[in-house]
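Numbering (the numbering used here), first residue to last: 1 to 479.
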């Protein structure tokens with residue numbers, strides 16, 4: 001799911017990029033990188049690990065310039081190897097080019113094969129290099145980066161939000177159905193484009209709006225302009241962003257994620273009421289859902305599990321063994337709150353089921369009389385091909401098992417998942433404009449062997465100037 005950010009700031013960008021990546025750390029914990037430009041030279045530094053582990057005061061001081069991009073990586077396509085760490089940096093025909101990418105292409109093998117047939121050599125195993133090659137190949141012919149990006153959007157099939165830097169100018173664009181998030185904001189001395197609004201908040205900036213699906217931004221110190229390249233008849237925003245990946249204090253598509261999750265919690269009680277002594281989240285992604293459940297039900301909110309704040313998110317651990325090992329390190333039961341009590345345990349999702357089983361076992365070992373599990377997503381029954389790490393049905397506990405069997409598997413007293421209808425209502429976006437592939441098995445794009453919900457995408461030539469304080473209303477792309 002990766003986190004990306006681009007900043008133009010007259011006061012320098014290395015520290016703002018560092019802080020923004022800190023705010024996006026939840027989106028990727030395998031590696032981090034920053035590339036900057038000072039008007040004549042390119043600077044870059046990246047490495048494996050968390051943001052605080054990769055960068056030091058000394059490395060940040062060497063990242064000079066007023067324009068830059070940054071990336072935190074969570075691998076879905078491409079192994080967890082140093083050469084796959086972003087941003088990727090290139091130099092060709094006296095141009096300096098850097099790219100940071102969040103997404104997952106479904107036609108990456110096809111594109112890679114076509115390039116290799118023409119003699120292209122790849123040094124990584126990621127989709128990002130394919131995107132970069134597609135853009136640079138066209139840019140060499142036309143000499144116009146906007147035309148190269150338009151060509152790129154014609155060719156790519158999948159989810160993507162991209163920020164690239166060419167000779168000190170930022171470009172940012174989003175796939176035509178808007179699967180991956182991307183937003184733009186202003187700071188005191190410039191502009192920020194990032195995966196989530198929390199990166200803008202961290203810099204004391206102001207969120208302007210989301211980058212529209214199929215839209216391209218060109219950003220300089222003087223301002224920015226936006227061009228609508230592609231218009232789809234329906235969108236496909238990733239529903240899992242609202243369930244799990246996004247930070248609760250982020251605003252996506254005009255919706256505060258915290259409020260969405262709190263409403264999900266209220267719906268969980270309406271759909272499956274229960275008598276209990278306390279409502280506890282599985283921290284942190286279950287917290288706002290549990291608060292909504294507690295407020296709506298009147299059952300006291302009381303933490304039964306304490307999280308070690310210095311551990312990584314277990315869902316995005318690379319191996320199942322690491323995920324299981326991390327549970328006890330990450331969560332410690334508060335026995336005084338649990339012993340002899342009927343507990344409603346609220347979590348965001350059940351993917352493989354092993355983590356849920358370990359948590360329920362922890363609660364029972366600590367003396368819980370009953371453990372009623374409530375889940376803030378419908379059952380995940382199908383793989384995601386567009387950027388979430390659940391690649392096969394065999395890994396998904398709900399793909400072939402009914403709820404009652406999953407309940408027995410995780411040893412819960414009762415188990416209920418929020419309905420898709422209630423989830424969609426809580427998000428406040430029409431179901432047809434959400435990607436629900438992992439919940440329904442029906443995808444917004446054509447994927448071999450899977451069902452596809454048809455969407456039409458028109459490529460247009462439309463642009464407008466957007467200046468600070470004078471953003472045009474969204475009325476569709478100009479022909």
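No residue lacks a Cβ here, since even glycine has one placed at the ideal position from N, Cα and C.
Excluding residues up to 5 positions away in sequence, 134 lie with their Cβ nearer than 6 Å to the Cβ of residue 155 in the same chain. Residue range 305-307 is occupied by the beta strand (DSSP E) that includes residue 306.
For residue 16, the enclosing alpha helix (DSSP H) begins and ends at 14-23.
Excluding residues up to 5 positions away in sequence, 279, 300 and 301 lie with their Cβ nearer than 7 Å to the Cβ of residue 294 in the same chain. With distances taken between CA atoms, residue 408 lies nearest to 354 out of 354, 211 and 85.
Of 70, 52, 2 and 256, the smallest CA-CA separation from residue 37 is found for 70.
By the 16-neighbour rule on beta-carbons within 10 angstroms, residue 335 is exposed. Note that the C-beta distance between residue 185 and residue 206 is below 8 Å. Sequence-distant partners of residue 459 (beyond 5 residues in either direction) whose C-beta falls short of 7 Å from its own C-beta, in its chain, are 154, 229 and 230.
Its Cα nearest to that of residue 238, the residue 387 stands out among 387, 26 and 416. Within the DSSP bridge table, the entry for residue 124 names no partner. Around the beta carbon of residue 85, a 10 Å sphere encloses 16 or more other beta carbons of the protein chains shown; the residue is thus reported as buried.
Within a 10 Å sphere around the beta-carbon of residue 213 sit 16 or more other beta-carbons, which makes this residue buried.
A direct Cα-Cα distance of roughly 33 Å separates residue 249 from residue 97.
Rounded to whole angstroms, the separation of the alpha carbons of residue 31 and residue 369 is 42 Å. Contact between residue 157 and residue 106 holds, since their C-beta atoms are separated by about 5 Å, short of 8 Å. Per DSSP, the continuous beta strand (DSSP E) segment holding residue 161 begins and ends at 158-166. Take residue 362, set aside five residues on each side of it, and the residues of its chain with a beta-carbon closer than 6 Å to its own are 333, in chain order.
Within the region 187-236, the complete beta strand (DSSP E) segments at least 3 residues long are 190-194, 206-210, 215-220 and 223-232, listed from N- to C-terminus. Here the alpha carbons of residue 348 and residue 382 stand approximately 17 Å from one another. Its chain contains 280, 281, 283, 334 and 337 as the residues whose beta carbon lies nearer than 8 Å to that of residue 303, once the 5 sequence neighbours on both sides are disregarded; these appear in chain order. Here residue 451 is bridged, per DSSP, to 442. By the 16-neighbour rule on beta-carbons within 10 angstroms, residue 452 is exposed.
Around the beta-carbon of residue 82, fewer than 16 other beta-carbon atoms lie within 10 Å, marking it exposed. For residue 10, the closest of 144, 192, 119 and 257 by C-alpha to C-alpha distance is 192. Assignment of beta-bridge partners to residue 278 by DSSP yields 343.
The Cβ atoms of residue 102 and residue 180 sit closer than 8 Å to each other. Counting only residues of its own chain and dropping the five nearest sequence neighbours on each side, residue 33 has a CB closer than 6 Å to the CB of 46, 71, 85, 86 and 87.
Contact check between the region 244-262 and the region 157-171: fewer than three CB pairs, one atom from each, fall below 8 Å, which does not count as touching.
The three-state reading of DSSP puts residue 48 in strand, counting E and B together. As the crow flies, the alpha-carbon of residue 89 is around 21 Å from that of residue 142. Under the three-state reduction of DSSP output, residue 55 falls in the coil class, being neither helix nor strand. Checking the DSSP bridge columns, you'll see residue 43 partnered with 36.
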